[in-house]
Amino acid sequence: MNKVIEGVAYVLGNDVDTDQIIPAEHLVYSLSDPEERKNYGKFAMSGVPADQAGLPDGKIPFTENGQSESKYSIIIGGRNFGCGSSREHAPACMEIAGVRAVVAESYARIFYRNSVDGGFFIPFESVKCMVKEIKTGDDLVIDLNKSTLTNRSSNKTYELKSLGEVIEIIEAGNIFEYARKTGMIPSA
Amino acid sequence: MGMTITEKILAAHAGKESVVPGDNIWVDVDVLMTHDVCGPGTFAIFKKQFGENAKVWDRDKVVIIPDHFIFTKDTHANRNIDILRQFVKEQSLPHYFDVGTDRYKGVCHLALAQEGFNRPGEVLFGTDSHTSTSGAFGMFSTGIGNTDAAFILGTGKLWVKVPESMCFEFTGTFPEHVMAKDVILNVIGDIGVDGATYRAMEWRGDAVMSLSMEERMTLCNMAIEAGGKNGIIEADEVTTNYVQQRTDVPYKIYKSDKDAQYIFKKTYNASEMEPIVAKPHSPDNKAKVSECVDVKLDRAYIGSCTGGKLTDFMAAARLLKGKKVKIDTFIVPATREVEQDLYKEKIGGETLVDIFKNAGAYLGDPSCAACLGGPQDTFGRAKDNQVVISTTNRNFPGRMGSKQSYVYLASPYTAAASALTGHITNPAEFIYN
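These protein sequences, in sequence, are chains A and B. Using our numbering, read the first sequence as starting at 1 and increasing by one per residue. Using our numbering, read the second sequence as starting at 1 and increasing by one per residue.
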């Protein structure tokens, strides 16, 4: 596992629900077909209200028109990130767009589980809310060993909570690899 | 130390004498449910991880209920139904309810109940966040993603963190014009959209136990809107009467111990409950209906796993009978069984279908329909900046289709009363006059 994650920030607010992350009309594409799945990247975050999209200013599209990859690979969120539907298309669309980590104050339960068990990206919890501390476009680095988030644009470092008991699944890659490692299911 | 009903069911399914909140345990799964939106992704992961020719762990425990994007010309959505059919064929799965056949049901959470898959004491996972609905039967049920569902398909097991339990007790009698929907909107407003995150929401008290199964399902259905892991109500005679009409599978009734530990406990006086709405754009944006009577509406929507059951339509029909709606009103039965009941059940000699048609409402086919927006041609999908009163469960920005629309969540009584006036209206005005 990479011990450092570097990327450009995309900042959202509280209660970002999965209908905002990927509106239901787009839940029809195949997640396994290499071409068709790119649609998920294209429409990732397309339901976020314009004034909340890319804080503090807003009105910043997550992906440029028609592109399936975003230049923003670290999402900053407030409380209850990923609330609502259980659709795994939500963390999947973020991964397809190139997201490698989310740092939020807290998560909705199913979104958090899906992110960890599916191995889409690492969902970090910040000790204090980062939404007002970081601007969309800031240059960030997450240090997994130190459990810190550094904003290289402002030269400030913040503490992240320990990944706790799910770290073994995150290190294994996903729930299947974890189960193979622990002998629950036979190795492939 | 005593255990809650949730802790007892999880302990039993992990082969343990007892568990405490925070324990990470592997549980044996009794039922796995999936549908057209998450089934195809689940099956792809299952094949990738367990092999192209792998078989599911137990054919009899897998239930596949297409319900989300059914009556649409969207080619991708229809392709996904074909993927369900193909998997069902490969695996010879008995519990599949195919689109376009007599077996088609509609909304999975009510179909699970009606087809006898909700049984006290069991553990049920579903690839849908409103799987919490089944907790009304005194069982543990919760929503999961494709990956976890694929893991269950291959192993019959899943890891669970034992949740802390919250107790919501209602004593006394609910007023006649108050429905379970008002009660759950009230509680979500009190604790917030993350007030029950990682927790079980247990409903207790004589007022709760006086409710029908359908009303109990409404209470548990929206646990997820407070972030809850599961909602749960102990089984009683009302439960067993419902279950025994629908399945012969034996079940076990669990009850919380008197000294069970709750992280939160609140007792409400049921008689003080009032009709409640959740204002745009969050299910916890609570207001009394009486505070919103100035809100002008463009349409009313009565349907979904939350508000599309027979009880919900009986309530709506009671108010709409002999009157005309002032705004576009959409009636979407959750399942075929509910739809058939609309043709059978009568109020004052008139069937519910006739009451709705004579009132000027539009009737749709059973499915999730516009509750979650869906493809552009979905029945009742919100347009432009419409203001909608809806018996569904979420009013997130854009949830019912248009990103510019405003959705007020309400009970079927309130939605029907408001359809008659064109603004948000307290159903008491019609019920007691």
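Quick reminder that beta carbons are idealized off the backbone N, C-alpha and C, glycines included.
Within 8 Å of any Cβ in chain A, is that where the Cβ of B/Cys167 sits?
For the purposes of this step, residue 167 of chain B is taken as residue 167 along the second sequence, with counting starting at 1. By this cut-off, B/Cys167 is not an interface position.
Please confirm whether B/Val395 and B/Pro280 have their CB atoms less than 8 Å apart.
Here residue 395 of chain B corresponds to residue number 395 of the second sequence, with the count starting at 1. Here residue 280 of chain B corresponds to residue number 280 of the second sequence, with the count starting at 1. For the sequence presented, residue 395 of chain B should be read as Asn rather than Val. Yes; because the gap between Cβ atoms is below 8 Å, this pair is in contact.
Short of 7 Å Cβ to Cβ, which residues in the stretch 22-37 of chain B face chain A?
So the close ones are Asn24, Val37.
Please determine, among A/Gly137, A/Ile169, A/Arg180, A/Asn14, the residue with the shortest C-alpha to C-alpha distance to A/Ser154.
The residue you call residue 154 of chain A lines up with position 154 of the first sequence. The option with the nearest alpha carbon to A/Ser154 is A/Gly137.
So is B/Ile263 buried or exposed if we call it buried at 16+ other beta carbons inside 10 Å?
Here residue 263 of chain B refers to the residue found at position 263 when the second sequence is read from its first residue. By the 10 Å Cβ count, B/Ile263 comes out exposed.
Indicate the three-state DSSP secondary structure (helix, strand or coil) for B/Cys38 in the structure shown.
As a working mapping, residue 38 of chain B is identified with position 38 in the second sequence. Three-state result, B/Cys38: coil.
What are the residues in the stretch 134-159 of chain B lying within 9 Å of chain A by C-beta distance?
Thr142, Gly143, Ile144, Gly145, Asn146, Thr147, Asp148, Ala149, Ala150, Phe151, Gly154, Thr155, Lys157, Leu158, Trp159
Show which residues of chain A have a CB atom less than 7 Å away from the CB atom of B/Ala44.
Reading the second sequence from its first residue, position 44 is the one you call residue 44 of chain B. Below the 7 Å Cβ cutoff, chain A contributes Leu31, Ser32 as neighbours of B/Ala44, in chain order.
Count the other C-beta atoms from every protein chain shown that fall within 10 angstroms of the C-beta of B/Arg456, then say buried if there are 16 or more, exposed otherwise.
For chain B, the structure presents residues 1 to 433; residue 456 of chain B sits outside this window and is missing.
Below 8 Å between beta carbons is the criterion; list the residues of the stretch 349-364 of chain B that meet it against any residue of chain A, in chain order.
none
By the DSSP assignment, the alpha helix (DSSP H) with B/Thr311 in it spans what residues?
Within the second sequence, the letter at position 311 stands for residue 311 of chain B. Counting along the chain, the alpha helix (DSSP H) containing B/Thr311 begins and ends at 310-320.
Which whole runs of the beta strand (DSSP E) in the stretch 154-195 of chain B are 3 residues long or more, in chain order?
157-161, 164-171
With burial defined as no fewer than 16 other Cβ atoms inside 10 Å of the residue's Cβ, what is the status of B/Gln86: buried or exposed?
Along the second sequence, one-based indexing puts residue 86 of chain B at 86. Flag for B/Gln86 reads exposed.
For the beta strand (DSSP E) containing B/Val243, name the first residue and the last one.
Counting from one through the second sequence, the residue named residue 243 of chain B turns up at place 243. That residue, B/Val243, is in no beta strand (DSSP E); its alpha helix (DSSP H) goes 237-244.
Okay, do the stretch 12-20 of chain A and the stretch 11-26 of chain B touch, 3+ Cβ pairs below 8 Å being the bar?
no
If you drop the 5 nearest sequence neighbours on each side, which residues of the same chain put their C-beta closer than 7 Å to that of A/Ile110?
The residue you call residue 110 of chain A lines up with position 110 of the first sequence. If we look at A/Ile110 and ignore the five residues flanking it on each side, its Cβ neighbours are Ser86.
For the stretch 28-66 of chain A, list the alpha helix (DSSP H) runs that are entirely contained and at least 4 residues long, ordered along the chain.
38-43
What residues in its chain sit with their C-beta under 7 Å from that of B/Asp30, if we drop five residues either side in the sequence?
For this step, residue 30 of chain B is matched to residue 30 along the second sequence. If we look at B/Asp30 and ignore the five residues flanking it on each side, its Cβ neighbours are Lys61, Glu122, Val123, Leu124.
Just checking, does the stretch 140-148 of chain A make contact with the stretch 2-9 of chain A on the three C-beta pairs under 8 Å criterion?
yes
If we call anything under 8 Å between Cβ atoms a contact, is B/Thr127 one with B/Ser141?
What you label residue 127 of chain B is simply residue 127 of the second sequence in a count that begins at 1. What you label residue 141 of chain B is simply residue 141 of the second sequence in a count that begins at 1. No, these two residues do not count as a Cβ contact at 8 Å.
Under a CB-based cut-off of 8 Å, is B/Phe396 close to chain A?
Taking the first residue of the second sequence as position 1, residue 396 of chain B is located at position 396. The beta carbon of B/Phe396 sits closer than 8 Å to some beta carbon of chain A.
State buried or exposed for B/Glu214, treating a residue as buried only when at least 16 other CB atoms are found within 10 Å of its CB.
Residue numbering aside, residue 214 of chain B sits at position 214 when the second sequence is read from its first letter. Buried: at least 16 other Cβ atoms inside 10 Å.
B/Val289 and B/Ile424 look like a contact to me (Cβ under 8 Å); what is the Cβ gap, rounded to whole Å?
As a working note, residue 289 of chain B is residue 289 in the second sequence. As a working note, residue 424 of chain B is residue 424 in the second sequence. About 6 Å separates the two Cβ atoms, so the contact holds.
Give the single residue among B/Val160, B/Ile224, B/Pro283, B/Ile83 whose Cα lies nearest to the Cα of A/Ser30.
Against the first sequence, residue 30 of chain A aligns to sequence position 30. If we check each option's Cα against that of A/Ser30, B/Ile83 comes out closest.
In chain order, what residues of the same chain have a beta carbon less than 6 Å from the beta carbon of B/Gly374, not counting five sequence neighbours either side?
One-based indexing of the second sequence puts residue 374 of chain B at position 374. Within the same chain, B/Gly374 has close Cβ partners Phe69.
Using a Cβ cut-off of 7 Å, pull out every chain A residue sitting near B/Ala200, in sequence order please.
Within the second sequence, numbered from 1, the residue matching residue 200 of chain B stands at position 200. Per Cβ cutoff of 7 Å: no residues; B/Ala200 is ~11 Å from chain A at best.
With C-beta atoms as the reference, is B/Ala11 less than 8 Å away from B/Met3?
By one-based count along the second sequence, residue 11 of chain B stands at place 11. By one-based count along the second sequence, residue 3 of chain B stands at place 3. Yes; because the gap between Cβ atoms is below 8 Å, this pair is in contact.
Which class does B/Met217 belong to by DSSP, given the choice of helix, strand or coil?
Position 217 of the second sequence, counting from 1, holds the residue named residue 217 of chain B. Helix, per DSSP.
With distances taken from CA atoms, which of B/Leu363, B/Ile233, B/Val293, B/Tyr198 is nearest B/Glu169?
Along the second sequence, read from residue 1 onward, the residue named residue 169 of chain B stands at position 169. If we check each option's Cα against that of B/Glu169, B/Ile233 comes out closest.
Could you name each continuous alpha helix (DSSP H) segment of 4 residues or more that falls completely within the stretch 133-179 of chain A, going from the start of the chain to the end?
DSSP runs (the alpha helix (DSSP H)) wholly in the stretch 133-179 of chain A: 167-172.
What three-state label does DSSP hand B/Leu124 in the structure shown?
Looking up residue 124 of chain B in the second sequence gives position 124. Here B/Leu124 sits in strand by DSSP.
Quickly, what does DSSP pair B/Phe330 with across the bridge? List them, please.
Along the second sequence, read from residue 1 onward, the residue named residue 330 of chain B stands at position 330. DSSP output for B/Phe330 lists B/Tyr301, B/Tyr362 as bridge partner(s).
Identify, in the order they occur along the chain, each residue of the same chain with its Cβ nearer than 7 Å to the Cβ of B/Cys305, setting aside the five sequence neighbours on each side.
For this step, residue 305 of chain B is matched to residue 305 along the second sequence. The residues are Val107, His109, Leu110, His130, Thr133, Asn221, Ala334.
Name the chain B residues whose beta carbon is nearer than 9 Å to that of A/Asp19?
Here residue 19 of chain A is taken as the residue at index 19 of the first sequence, counted from 1. Correct list: Leu372, Gly373, Arg394, Phe396, Pro397, Gly398, Arg399.
Could you tell me which residues DSSP pairs with B/Tyr406 in its beta bridges?
If you number the second sequence from 1, residue 406 of chain B lands on position 406. BP columns for B/Tyr406 point to B/Val387.
Closest to A/Glu25 by C-alpha separation, out of B/Leu32, B/Thr391, B/Cys371, would be which residue?
For this step, residue 25 of chain A is matched to residue 25 along the first sequence. The residue with the shortest Cα to Cα distance from A/Glu25 is B/Cys371.
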